[in-house]
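Residue 452 is where the sequence shown starts when you use the working numbering, and the numbers rise one by one after that.
Glycine included, every Cβ here is placed at the ideal spot set by N, Cα and C.
Let me begin by presenting the structure, written as structure tokens, before commenting on it.
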Amino acid sequence: MTLVLRFAAGSHKGLIREGNEDSGYAGPRLLAVADGMGGAAAGEVASSEVLGSIVRLDEDVPGADLLTLLGDAVQGANDRLRQMVEEDPQLEGMGCTLTAMLWTGQRMGLVHVGDSRAYLLRDGSLVQITQDHTWVQRLVDEGRITPEEAETHPQRSLLMRALDGRGQVEPDLSIREVRAGDRYLICSDGLSGPVSHQTLQDTLGSFYSPEQTVQELIQLALRGGGPDNITCIVADVIDVGATDTMSGQFNDVPVVVGAVADTPPSSAAADRSIADTPAGRAAGLGRGPQGAFGPAEGYEDGYGAAQGGFGPAEGYEGEAGYGYPSAEPSVYGTEDFDEEQPPKRKRRGLTVSLAVLVTLGLLGGAGYFGYQWTQDQYYIGEDGDHVAIYQGINQNLAGLSLSSVHESHSDAPLKWLPQDQRAQVNKTISVGNLKDAEKTMTDLVNWAQLCQKVAGAPTGTAPQGAQPGAAQQGAAPTQASKASFVAATPVPGEKEKTPRGPAAAAPTTTPTPTAPSTSAPTQNATPPATAAPSEQAQQPQLSDDDRSRAESCPKQ
């Protein structure tokens, strides 16, 4: 029985990130995914350099101990990052995760740092074989939260371990026995975050080839929102016979994806000892297609090198919270690092641009939320010759009004409001919310209607029996009408003994004793109250409170 790996790898920048900071490498013996972090501090550089440092493991070293090889390679990669930061302080803050598997033909060595993951599908069941080095995972291990709560915890991306060149790295190391039919998945959290464990299991168990499976997994992550860079490797353990050459023909060509494919790491290119090996040639590849297959179906326009899926990331929000005690690390392979050092990257202009963008973003966000706040405010004010409810605040910003008419009330004319009410409306009446605004408006409408009632009483002509010349004596018609209207309204509970209309208020004319005439009796014969009942019937009744309030109505 001869066991070999058939593998495929793919990477996508996702739908949110500006560039791809993930790096992936799949070869006959080595499978590795590194998720860069640091944004402007070069997360893509960190992931590329780490894979470039460990890619030499893809060469067969007879009799070597798997865990020793993996541990030394990871420490050497961490030392490389430390050296780069010392040479270029602007790289401070860069780092990456690393999950890698080293294959011997019968066993698989596993090294893991961070929150990238490795899974094993065996007999239809998917098992996560790495443990996240995150704050949330620690809470789960301590029983403080459940795994379900961890999936939506706001601190789920806070790393407790990573490769960042700051000290002695402490990776998880383990050995796994392999079987024919096993399927391994290594991925960044851009896949394991938006795609559930059950969906991963169903997808890994539903497709025959690793190439098809990688395509489908990337599609699933994009359908889930693609919030982060997506990188994954699928590798099948297959049993090939001595005469079966077709099954193993894909196993000699390493696949490089993500940031490491865009910018080959300097450490691998400088290592002359592996320059002419398959691993060395793979590490030196320039930007190329997504592994050994084409774009996933339905994503041809945004998947692959031609569409700019990779490149230096800008604005990637780096994680914080990890770190280790300071220690003087051992230097691995520094004799190679002194050769062909790449030119230092000029980041000052990039940093300034990012600072400007961040500032503009903050100002824009503050303006947006400030405007949203104004739209929850209401006040009462004038709208032409009547009253209206306004939404917003009574201010202008750069010539733009921060309020608009929410509801105009033509049934509340300003001219019918009492003087004090009209003055308040002129200055605007502040209210707490729309409900309070509607209540205040109801009161103003009632005021206007009351004053219109009062002013709408019969005016201008003195009733029969009124004292001649009353108008000439200075009484304004509207004032007389208002007074007569109020006087004509009976007090509730008071028995109406005599009419209270305008006719009753005017004294009758005394007949001339010396010169009786036919017209005088006619005038005297008309009782003062004959017109009052008709007038009183036409006038609406007012309560004591309305009669008191009516005194405040404007004199029209």
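Within the region 846-896, the complete beta strand (DSSP E) segments of 3 residues or longer fall at 851-864 and 880-882, listed in chain order. Inside the region 485-519, DSSP marks whole alpha helix (DSSP H) runs of 4 or more residues at positions 494-505, from first to last along the chain. With 16 or more other Cβ atoms inside 10 Å of its own Cβ, Arg531 counts as buried. Residue environment: Asn529 is assigned as buried (16 or more neighbouring CB atoms within 10 Å of its CB, all protein chains considered).
Contact fails between the region 577-595 and the region 511-530, because fewer than three Cβ pairs, one in each stretch, are under 8 Å apart. Asp887 and Val809 have their C-alpha atoms roughly 39 Å apart.
For the pair of segments examined, the region 638-645 was found to touch the region 673-682: the number of CB pairs separated by less than 8 Å reaches three.
Its Cα nearest to that of Gly843, the residue Tyr830 stands out among Tyr830, Arg873 and Gln903. Within the model, the alpha-carbon separation for Trp824 versus Ile880 is close to 18 Å. Bridge pairing for Gly475: Val484 and Val708 [DSSP]. Within the same chain, Pro678 come within 6 Å of Ile467 by CB-CB distance, once the 5 residues on both sides are set aside. Taking Gln670 as reference, the option from Val905, Lys890, Thr891 and Lys464 with the minimal CA-CA separation is Lys464. Within the same chain, Cβ atoms closer than 6 Å to the Cβ of Ser859 are found at Asp834 and Ala839, the five residues on either side in sequence being excluded.
In this chain, the beta strand (DSSP E) harbouring Thr453 covers Thr453 to His463. Positions of the beta strand (DSSP E) runs, each at least 3 residues long and wholly inside the region 562-599, are given as 568-573 and 576-579 in order along the chain.
Rounded to the nearest angstrom, the gap between the Cα atoms of Leu624 and Leu518 is 6 Å. Taking the Cα positions, Gly883 is about 11 Å away from Glu889. With respect to the 7 Å criterion, Thr550 and Ser567 are classified as neighbours on the basis of their beta carbons.
Leu624 has Val562 as its beta-bridge partners, per DSSP.
In this structure, Gly489 keeps its C-beta atom at 7 Å or more from the C-beta atom of Gly556.
Residue burial annotation: Leu814 is exposed, with fewer than 16 other C-beta atoms found within 10 angstroms of its C-beta. Rounded to the nearest angstrom, the gap between the Cα atoms of Ala613 and Leu853 is 49 Å. Looking at the backbone, the Cα of Ala863 and that of Ser804 are separated by about 55 Å.
Rounded to the nearest angstrom, the gap between the Cα atoms of Thr597 and Val591 is 6 Å. With fewer than 16 neighbouring CB atoms inside 10 Å of its own CB, Glu602 falls in the exposed class.
If you ignore the 5 residues before and after Gly832, its C-beta comes within less than 6 Å of the C-beta of Tyr841 and Thr879, all in its own chain and listed in chain order. With a threshold of 16 other beta carbon atoms within 10 Å, Asn897 falls short and is exposed. Between Gly560 and Ile626, the C-beta gap is smaller than 7 Å, which places the two residues in contact. Excluding residues up to 5 positions away in sequence, Asp566 lie with their Cβ nearer than 6 Å to the Cβ of Asp583 in the same chain.
In the DSSP annotation of this structure, the continuous segment of the alpha helix (DSSP H) that includes Asp640 starts and ends at Asp640 to Ser643. Residue pairing by DSSP places Cys547 opposite Gly487 and Leu614 in a beta bridge. The closest CA to that of Arg873, considering only Ser855, His857, Val856 and Asp894, is found on Asp894. When the beta-carbon positions are compared, Leu571 and Tyr635 come within less than 7 Å of each other. Take the alpha-carbon of Glu621 and the one of Ala806: they are about 34 Å apart.
If you draw a straight line from the Cα of Ala477 to the Cα of Gly546, it is about 21 Å long.
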